[in-house]
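Protein chains in written order, with the working numbering: chain Y, 1 to 332; chain H, 1001 to 1285.
By construction, the Cβ of each residue, glycine as well, lies at the ideal position given by its N, Cα and C atoms.
Bear in mind that the values here come from a model prediction, so they are computed numbers and not experimental data.
Note sheet for the following structure.
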Amino acid sequence: MTVVSEIAKIMKQAFIHMIRMISLLFAVSVISFALVSASPVDPVQQYIMGIGAVSEEQRSEIEAYWGVDKPSVERYFNWLSALLHGDFGTSLLYRRPVIEIISERFKNSLALMMCAWVFSGIIGFSLGCIMGMNRDKWQDKIISKLCYLLSSVPTFWLGLVFLMVFAVMLGWFPVGFSTPIGMRSSEVTIWQRLYHLVLPSFTLSLMSFSSIALHTRQKMIDVMNSEYILFARARGEGRWVLFWRHGFRNTVLPAVTLQFASFAELFGGSVLAENVFSYPGLGSAVSAAGLNSDVPLLLGITLFSTLFVCVGNMIANLLYGMIDPKIREVGR
Amino acid sequence: MNLAGHKKSFHKKGFNQRTKAVILSVILAILMLVIYAFGFLISEKAVGTDVLNAKRPPSWAHPFGTDNLGRDLLMRTLKGLSVSMTVGFVASCISAVIAVLIGIAAAMGSKLMDGIINWVIDLMMGIPHTVFIILISFSLGRGLKGLLVGIAATHWTSLARLIRGEVLQLRGQHYIAVSRRLGKSSGWILGHHLLPHLAPQFMVGLILMFPHAILHEASISFLGYGLPPEQPAIGIILAESMRYLSSGMWWMAVFPGLLLVLIVLLIDRLGENLRTVIDPYSAQE
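This is how it looks when you write it as structure tokens:
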């Protein structure tokens, strides 16, 4: 098979995934708009509460401007067309365009999520390899017990405990936020940002590393039970050589794929972690938006988080198709 | 394995794997019921405010300490746990029923139906669950109803996929084909062949969903959705404890969380044991 046709196939797959992603995003926009419209909370009342007392005339003016009196289908299409022109509306809570808030806060969230993602990937994969290579020995038993235990522990509680021990009692880390309090954002150094990231990202990474560790363990056991390992052993390859030549190479890509497919849990976890550590990211914004009935921001972040998850799933699917020759054969 | 060795290990342990699992399940279930009933029966007075005894660290009178309003935290936590368990149980039951119905519909229906259902499952997995529950809760005006619907609506996907796979596999079996040739209707086959076969999967799926649902309930209440703030729910207690962390009231966060972890571990254990009992595949292990 030539390189050109290989690339063409990947492009075709990417195109199919693109179409699927757009259809999913469209559906999410319909569902979330319907859910928000069904809410008993009156957005006009919320808006007025934010700006102070208004007369009856002003109120009806606002209603007319927002189109509250129009049927919800019409309102949906108005919203959608504004959305496609890049206008996500104005946040009631922050009094600024939603798109601005999302892009600003996503940078913070992305830093947090990527740190946790890389960290949980490396730790989880290494622990999975240790367990898989030492199946049923004490290392395996201890680590897998730990993994099962961690999946029963609510992450936000663990975050609270870390905050208490390491920030309040020992004073090693700051209590919250992404930058030191009372400093202009231009003065904050990258080290200060990283310093504020340590606890939240560690908490967030604890949430997802057990699944990757257990998955890698299973994969490693499968590889170690295979016939080519038996043959390699018969040739006299040592444990390290076995691990490096066969175990590592066969397990690392599935693990990376799984990591990409876990963006939804990552984002969900970041909502909790950001609330515990008062971290100014998308997660703390979405819960604040829901509590304060900030509809435009809530809708905007819902769509954006779906896009984020879909991109992760798409990368996972593409990676999966590229690395697994068995799936490649079927697709041909 | 030879028979003699098997016999020996059998005698050494006293019980076989399955009997042990049954005994353990019964003990765990009784323990859970006691905790649940205890939380349920605690009077309003026991969790009432007592400003004179506010912010007390753990002592014999108050093993978990008291909160900022002087409420006994052990009583509050137990009461909150019974609320969480109710919400988790109801939500996972609804979710498991949805999963079975959708799984069967996907596998038995047309190819188009299967495609649509798979797309819906992809959709559900595309929105982060926490965000989706926030949306649903917002839509239903917060409170218990939003919490229940939100958790029930987000937890069915993986079990539905499992059931779909199972039904697809069953459909190819010879005895189903024979049954069809003998003129039995689809409904008869569903009732007599498929559902009995799916019952263990359903039970196991339901039990394994239960701890997840409880954890989700706690985290959503923690964010301020779900139950109203005067309700004693674990998530609400933990959210309140955040305000007093820097003043050194460590017991407000540590003990309620520990008890929650303990309950989740208990349910998890119960689920694993019941799986050994119910699941025909692991019965012989």
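Short of 8 Å in beta carbon distance, which residues of its chain neighbour residue i, apart from the five on each side in sequence? Order them along the chain.
i	result
H:I1136	G1146, V1149, G1150, A1153
Y:V286	V271, L297, L298, I301, T302, S305
H:V1204	G1271, L1274, R1275, I1278, D1279
Y:C310	M21, L24, L25
H:M1125	T1157
Y:E237	R245
Y:F202	A116, F119, F162
Helix, strand or coil: which one does DSSP assign to residue i?
i	result
Y:D87	coil
Y:P97	strand
H:D1072	strand
Quick one: residues in its chain with C-beta nearer than 6 Å to the C-beta of residue i, no 5 flanking neighbours on either side, listed in chain order?
i	result
Y:A316	T257, F260, A261
H:K1156	Sequence check: residue 1156 of chain H is Trp here, not Lys. Here the set comprises S1095, I1098, A1099.
H:Q1231	none
Y:I130	Q139
H:L1208	G1271
H:R1142	Y1225
H:V1179	Checking the sequence shown, residue 1179 of chain H turns out to be Ser, not Val. Cβ neighbours of H:S1179 beyond the five flanking positions: I1189.
H:G1039	L1078, K1079, L1081, S1082
Y:F209	S120, I123, G124
H:A1160	A1099, I1102, G1103
H:M1085	Y1036
Y:G312	F260, F263
Y:R235	none
In chain B, what lies closer than 9 Å to residue i by C-beta?
i	result
H:S1025	Checking the listed chains, one finds no chain B in this structure; the protein chains it contains are Y and H.
Taking 8 Å as the threshold (C-beta atoms), are residue j and residue i in contact?
i	j	result
Y:M113	Y:L319	no
Y:L282	Y:I123	no
Y:S37	Y:S120	no
Y:V161	H:A1021	no
Y:V98	Y:L297	yes
H:A1213	H:S1139	no
H:I1117	H:I1102	yes
Y:M164	Y:M220	no
Y:A273	Y:P174	no
H:F1222	H:F1089	no
H:L1144	H:L1262	no
H:I1023	H:M1075	no
H:V1167	H:I1104	yes
H:F1064	H:W1250	no
Y:L197	Y:A111	yes
H:L1031	H:L1265	no
Y:L127	Y:I142	no
H:L1182	H:I1176	no
Consider the C-beta atom of residue i and the heavy atoms of the ligand FMN; say whether any pair is separated by less than 7 Å.
i	result
H:V1131	In terms of ligand content, the structure shown is empty, and the ligand FMN therefore cannot be addressed.
Below 7 Å CB to CB, which residues in the same chain sit around residue i once its five sequence neighbours on both sides are set aside?
i	result
Y:R105	P280, G281, L282, A285
Y:E56	none
H:L1206	S1092, C1093, A1096
Y:S91	V98, I101, D294, P296, L297
H:H1011	Because the pLDDT of H:H1011 is 48, which lies under 50, any placement of that residue in the model is unreliable, and the question is left without a value.
Checklist entry - When the Cβ atoms of the region 1236 to 1249 of chain H are set against those of the region 1120 to 1134 of chain H, are three or more pairs found closer than 8 Å? => result no
Item to check | Where the region 1242 to 1260 of chain H meets chain Y: residues whose CB sits under 8 Å from a CB there | outcome: M1242, L1245, S1246, G1248, W1250, A1253, V1254, G1257, L1260
Item to check | Sufficient close CB pairs (3 or more, under 8 Å) joining the region 151 to 164 of chain Y to the region 1248 to 1261 of chain H | outcome: yes
Next on the checklist: Could you check whether the region 137 to 148 of chain Y touches the region 1199 to 1207 of chain H, counting it as contact only if at least three pairs of C-beta atoms, one from each stretch, sit closer than 8 Å?
Outcome noted: no
Checklist entry - Between the region 81 to 106 of chain Y and chain H, which residues of the former have a C-beta closer than 8 Å to a C-beta of the latter? => result none
Next on the checklist: I'd like to know if the region 29 to 49 of chain Y and the region 286 to 294 of chain Y are in contact, where contact means that at least 3 CB-CB pairs between them fall below 8 Å.
Outcome noted: yes
Next on the checklist: Which residues of the region 1208 to 1226 of chain H have a Cβ closer than 8 Å to any Cβ of chain Y? Give them in chain order.
Outcome noted: P1211, L1215, A1218, S1219, F1222, L1223, G1224, Y1225
Checklist entry - Taking Cβ-Cβ distances below 9 Å as the criterion, which residues of the region 1106 to 1131 of chain H are in contact with chain Y? => result W1119, V1120, D1122, L1123, M1125, G1126, I1127, P1128, H1129, T1130, V1131
Checklist entry - Should the region 1058 to 1066 of chain H be called in touch with the region 1230 to 1241 of chain H, which here means at least 3 C-beta pairs below 8 Å? => result no
Next on the checklist: Taking 8 Å as the cut-off, does the region 233 to 242 of chain Y touch the region 207 to 217 of chain Y (at least 3 CB pairs, one atom from each stretch)?
Outcome noted: no
Item to check | chain H contacts from the region 155 to 173 of chain Y (Cβ-Cβ distance under 9 Å) | outcome: T155, F156, W157, L158, L160, V161, L163, M164, V165, A167, V168, M169
Next on the checklist: So, does the region 1104 to 1122 of chain H touch the region 4 to 19 of chain Y, judging by three or more C-beta pairs under 8 Å?
Outcome noted: no
Next on the checklist: Beta carbons nearer than 8 Å to chain H: which residues of the region 234 to 254 of chain Y have them?
Outcome noted: none
Item to check | Proximal residues, the region 20 to 33 of chain Y versus chain H, C-beta separation under 7 Å | outcome: L24, A27, V28, S32
Checklist entry - In chain order, what residues of the region 191 to 225 of chain Y put their CB closer than 9 Å to some CB of chain H? => result none
Next on the checklist: Can you pull out the residues from the region 1141 to 1163 of chain H whose beta carbon lies closer than 8 Å to at least one beta carbon of chain Y?
Outcome noted: G1141
Checklist entry - Along the region 297 to 310 of chain Y, what residues have a CB closer than 8 Å to any CB found in chain H? => result L298, I301, T302, S305, T306, V309, C310
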